[in-house]
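K.L.:
Quick one: structure below, then a few questions.
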Amino acid sequence: MNKKVLKTLEYDKVKQNLYAFTTTSMGKRLIDKLEPSSDYDEIANSLSQTKDGADILRIKGGIPVPNLISIKSFLKRLDIGGTLNSKELAAIGRVLRATNEVNRFFKD
């Protein structure tokens, strides 16, 4: 989509408003990459995901995802045989606990 149209629609402000609902760095990166689409299937899929998210917010008050940091670099270091310090291990533990909570949330 052309930049003039995006500016007229204040698309950057829409993306900024989404940040308030995002608790992870991965979510913020996804917002940064977000672009308008004119593809019917992509739009239908996005609308379906939005409806699902709105239903979760309305019925359960949201998904229990705490503010997490990316552990990708820690996992890469482990993959090549490196070691982690206690803060890095604790961060991995928080991600694992959050993953478990989200899995339980969707099973309920």
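Counting in our numbering, the sequence shown runs from 409 upward without gaps.
Note that CB positions come from ideal geometry on N, CA and C, so glycine has one too.
1. Runs of 4 residues minimum, wholly inside the region 443-480: which ones carry the alpha helix (DSSP H) assignment?
2. Kindly list the residues whose CB is nearer than 7 Å to the CB of Ile451, restricted to its own chain and excluding five residues on each side of it in sequence; keep chain order.
3. Short of 8 Å in beta carbon distance, which residues of its chain neighbour Pro474, apart from the five on each side in sequence? Order them along the chain.
4. Strictly by DSSP, which residues pair up with Thr432?
5. Based on Cα-Cα distance, which residue from Ser433, Ile464 and Ser494 lies nearest to Leu476?
P.N.:
Once the coordinates are examined:
1. 448-468
2. The residue labelled residue 451 in the question sits at position 43 within the sequence shown. Around Ile451: Ser445.
3. In the sequence shown, residue 474 corresponds to position 66, counting from 1. Excluding positions up to five away in sequence, the list reads Thr431, Arg502 and Ala506.
4. Within the sequence shown, numbered from 1, the residue matching residue 432 stands at position 24. According to DSSP, which records beta bridges pairwise, Thr432 is partnered with Leu476.
5. Residue 476 sits at position 68 when you count from the first residue of the sequence shown. The option with the nearest alpha carbon to Leu476 is Ser433.
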